[in-house]
Structure formats: structure tokens, C-alpha cells
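Be aware that the sequence shown starts at 12, since it is given in our numbering, and climbs by one per residue.
C-beta: ideal position from N, C-alpha, C; glycine also.
Working notes for the structure below.
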Amino acid sequence: MMIAHRELNLRHLEAVAAAARLGSISSASHTMNLSQPALTQAVAKVEAQLGHVLFDRQPSGVTSTEAGRLITARIERALAYVARGGQSVRRGARLPPLPHIERRITFGQLRALIAVDQAGSFALASKRIGLSEPALHRASRDLEQLLGVPLLVRQGRTVQPTTAAAVLLRFARLAQSELEAGFDELEALRSEGAGRVTVGTMPLARAILLPQALARFARAYPMASVNVVEGPYVELLARLREGEMDLLIGAMRDPPPVKDIAQEPLFIDDPVIVGRAGHPLLSKPGFAFSRLLDFPWVIAATGAPVRHRWEEMFTEHGLEPPRLRIECGSVLVVRGLMLEDDWLTLMSRDQFLFERRAGLLGEVAGAGLSLRRQIGLTVRDDWRPTQLQTAFTDTFRTVCAEWTSGKAMEREPFRYA
């Protein structure tokens with residue numbers, strides 16, 4: 012059973028965490044400055060919302076059940092994110108920290124901020140989440156007064172987050188992600204293997220390896236749901252860091268672009284030069300490297316890793332990279348373009364596997380060892396995966412290991428004349 016975030020009360024969730032940590036309702040009530048009946052009622056409400064008994068009650072105190080242990084860990088992480096977000100905003104405005112700020116911020120306030128940020132207006136946010144505009148305005152205003160900084164500013168017909176709001180939004184979404192992971196873990200107690208995994212993927216991984224991993228994982232965990240998200244690296248990385256995705260699969264960056272991620276290399280990919288079947292260079296094995304200047308190229312725009320490697324490929328041979336008439340990072344568009352004329356591009360062998368088997372595209376030449384890139388997993392450095400998410404990453408690791416062991420069967424690298 013999944014509960015809506017609007018039903019959550021951070022104060023009640025903290026009551027659960029305090030009772031679990033202290034092993035006593037009375038001690039928890041003292042710590043949180045609540046009466047014992049009030050704290051007991053708060054715990055009971057959370058249990059009713061989640062549909063799980065979280066504590067075994069004994070005269071000597073309370074002991075967490077399995078459900079209680081799972082959700083308590085997530086609650087504590089979520090509250091820590093809320094506290095970090097609130098204190099970061101205060102620190103950025105040179106304001107003193109507020110003690111127990113996570114007790115002052117409500118989930119309704121965070122939910123309102125997230126909704127307005129996503130919608131770009133109070134009116135649209137109101138329609139999307141089912142709260143009145145006055146309620147959204149009031150929640151946002153109360154949060155601004157609490158933190159002592161403006162969070163939303165009007166720009167024309169839209170409402171935009173301030174720099175302070177952007178900081179808070181990231182931690183709010185991470186807190187939301189932690190609670191959702193906790194709900195998934197509780198659902199798995201009822202239905203083994205239930206839960207969700209959200210995967211961001213780059214072009215290479217989604218060609219062969221990810222489909223293999225998805226098929227294998229779906230057979231092993233029929234109750235699980237996997238959401239695959241495609242997009243540019245920068246966009247996927249932002250969603251990963253905000254907790255909207257669990258892991259990112261694709262080419263790794265060296266050095267990492269931010270400090271709060273962890274990268275795990277799984278295999279080395281060797282890009283090759285690709286052209287249509289019947290390309291003039293395919294009929295001339297051992298051609299001089301300079302012949303690559305005689306044909307049009309399609310490569311991603313400046314800033315993309317493949318563009319940088321493509322330029323290095325020419326400069327290492329003492330040549331100026333040719334002028335690009337078309338810049339494109341879409342593998343689908345690039346494939347279609349090459350089928351129309353004698354265009355060349357750089358691809359992993361798996362990215363055009365099906366076209367090669369169908370006799371539509373061919374490997375013109377190797378690109379050289381310097382263009383090798385590491386492919387792997389990228390996650391948040393403080394990510395705590397659910398059992399299901401761990402199972403998915405293990406499945407992907409296994410598929411990659413099997414793929415790597417089969418690389419010895421590939422053809423010998425092309426050698427230029």
C-alpha cells in the first residue's frame with residue numbers, strides 16, 4: 012500500500028524514529044517535548060497510514076518490528092536531508108542556524124515548493140496536486156518566513172525558484188526519495204520482490220546491455236517495476252543527485268563533474284568508425300588515415316565526450332579535424348543519416364549491432380586505443396539502495412561481466428596503412 016505524500020507529517024515520522032531509537036515511548040515524548048498520549052497517537056497514526064505494526068509493545072518499552080526497522084532508517088535519512096536543506100539555506104543567507112529545523116518545516120510546505128517549481132505557477136501547481144492556490148501561497152509564505160529568505164519570485168507569467176530555493180528543493184526531493192524507498196521496502200514485506208527501480212541510461216548501455224539486464228531482472232522479479240529514463244548526461248545527473256533516479260548507466264566522466272557521486276567502472280568500450288554498407292572505405296582495407304577527411308562526419312556538438320575524443324583522433328595523427336556540417340548526438344538520427352550517404356561517425360560496436368547484422372552499416376575502421384572509455388554505474392555517494400535496487404545493480408554487473416568475457420571473440424583491430 013502506497014500512501015500519498017500529502018498524508019505525511021514529518022513530526023509524526025520523527026516520533027516514530029525517536030521511539031525506535033530510544034526504545035521507549037516516554038523517553039521519546041520527553042525528547043520531542045510532546046505528551047506521552049500525543050506521541051502514542053502520532054505513532055499509531057503512522058502505523059495506520061503505512062498499514063504495518065512498527066513496534067512490539069512491552070511493559071519495559073518498545074522494540075521495532077522488521078517494518079519498523081526498515082522505515083525508521085528511511086525516516087532518519089529523510090529528516091537529515093530536510094535539516095541539511097534548511098540549514099544550508101540559512102547559512103547561505105548568513106543567518107544563524109535554527110535548532111531542530113526539521114521539526115519546524117512541514118512536508119506540506121516542501122510539497123508546495125516542489126509543486127510550484129515543477130509547474131512554474133501556483134495555478135497550475137494547484138491543479139496538479141489538488142490543493143487550492145491560497146493553501147499553496149500560504150505554505151510557501153510560511154516556509155519563507157521560517158527560513159528568513161525568499162524562495163519564489165515572479166518572472167513574467169511564471170514563478171521561479173530563487174538560489175536558496177534551488178538548494179532546499181534538492182534536499183526536499185532527496186527526503187521524498189528516501190521515504191518512497193521506505194514505502195517500497197514495506198511493500199516488499201507483503202509481496203516479495205515488489206518495488207521500483209528508476210534507471211537513467213546513456214546510448215551505449217541501452218543498445219544491448221540494458222535490455223539484457225532488464226529481461227533477466229523481470230524474469231527474476233515479476234512483481235518489480237523498472238522505469239528507464241533517457242536523456243543528456245547533464246540532465247540525468249541532475250535527476251540522480253536529486254533522488255529522482257536511483258542509478259545512471261553509461262560512459263563515466265574523469266574527473267567526476269561533482270563530488271557527491273560515486274562511479275563504478277564495469278568495462279572498457281572501444282568506439283569504432285562506422286559507415287553505411289557499401290561505403291567506399293569498406294572496399295579499401297588498410298587505407299591511409301587521411302582518407303577519413305574525404306567524407307562527411309556527423310558527431311555530437313562541442314562539450315560532448317565523444318566530440319572531444321573525435322577531435323583527439325585527428326590531432327593525434329597530426330591532422331586538423333574536418334568541419335562538421337551536421338552536429339547531432341541522437342544515435343537514431345545518426346543511423347538514419349548514414350544510410351542516406353557516405354557519412355561517417357563514431358559508435359560502440361553494440362550501438363549498431365542490429366544494423367550490422369542486417370547488412371546496413373559496417374565497421375570502417377578502429378578509432379584507436381586513446382578513444383577508449385569506461386562504461387559503468389553512477390550513483391549518489393550516500394545512496395542506500397533497497398534490496399530490489401541492489402538486485403538490479405547486481406544483475407547489470409553480471410550482464411556486463413558476461414559481455415566483457417565475450418569480447419575476446421571480436422575481430423582484430425583495424426590497422427591503417
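Closest Cα partner of residue i within the set the options
i    : options                   : result
Y244 : P233, M256 and L180       : M256
L355 : R383, R101, D393 and V309 : V309
L50  : Q60, S37, L61 and A59     : S37
V208 : I219, G193 and A130       : G193
P110 : V342, S99, R391 and A55   : S99
T117 : V344, E25 and L382        : E25
L163 : T409, L19, Q156 and P172  : P172
T169 : D128, E144 and S151       : D128
R181 : E144, G96, V269 and V410  : G96
R88  : S188, T326 and R320       : S188
G286 : F306, G297 and P276       : F306
K56  : R68, A226, V27 and R32    : V27
G190 : T83, T212 and A273        : Note that residue 190 corresponds to Leu in the displayed sequence, not to Gly. Answer by Cα proximity: T83.
S301 : K138, A176, A146 and A376 : A376
G119 : E327, A134, E198 and S143 : S143
R152 : L124, V210, V342 and G167 : L124
R271 : M43, A146 and E253        : It should be noted that the sequence gives Asp, not Arg, for residue 271. The residue with the shortest Cα to Cα distance from D271 is E253.
F365 : L154, P108, I219 and F133 : I219
V410 : S137, A39, G387 and F298  : G387
T174 : V160, D281 and H23        : V160
V283 : Q362, V64, L121 and N44   : Q362
L367 : R320, F228 and R346       : This sequence places Arg at residue 367; Leu is not what is there. Comparing Cα positions, the closest option is R346.
G131 : P70, R165 and R384        : R165
R408 : L90, G261, S35 and A176   : G261
A315 : R264, L348, R184 and F278 : R264
Simplified DSSP assignment, three categories, for residue i
i    : result
I219 : coil
M420 : Residue placement at M420 is poorly supported in this model, since its pLDDT is 47, which falls under 50; the coordinates still yield a value, given next. The answer is helix: DSSP assigns M420 an H, G or I state.
L163 : strand
I14  : Because the pLDDT at I14 is just 48, under 50, the model does not fix this residue reliably, and the point stays unresolved.
F298 : coil
V269 : coil
F306 : coil
E275 : strand
G289 : coil
E155 : helix
E87  : helix
E322 : helix
F133 : helix
First and last residue of the uninterrupted beta strand (DSSP E) at residue i
i    : result
G72  : G72 to S75
S37  : Taken as a continuous stretch (DSSP letters only), S37 belongs to no beta strand (DSSP E), being part of the alpha helix (DSSP H) at I36 to T42.
L259 : L258 to A262
R68  : F66 to Q69
E255 : Unbroken run through E255: none, as it is neither H nor E.
E7   : The structure shown has nothing for residue 7, since the chain only spans 12 to 428.
R336 : Taken as a continuous stretch (DSSP letters only), R336 belongs to no beta strand (DSSP E), as it is neither H nor E.
E241 : A235 to E241
G211 : G206 to T212
Residue span of the alpha helix (DSSP H) that contains residue i, given as start and end
i    : result
G119 : F118 to A130
A199 : T174 to R201
A315 : It is not in any alpha helix (DSSP H) - A315 carries neither H nor E in the DSSP assignment.
V54  : Q47 to L61
A249 : Y244 to R252
A29  : L21 to L33
R105 : It is not in any alpha helix (DSSP H) - R105 carries neither H nor E in the DSSP assignment.
E113 : I112 to R115
Residue(s) in a DSSP beta bridge with residue i
i    : result
I140 : DSSP output for I140 lists no bridge partner at all.
V434 : Coverage of the chain is limited to positions 12 through 428, which leaves residue 434 absent and any answer about it impossible.
I470 : This structure does not reach residue 470, given that the chain is present from 12 up to 428, and the question cannot be answered.
V93  : Beta-bridge pairing links V93 to no other residue.
Go through the segment 338 to 418 residue by residue and report every complete run of the alpha helix (DSSP H) that reaches 4 residues or more, in order. Runs found: 342 to 351, 364 to 368 and 398 to 416.
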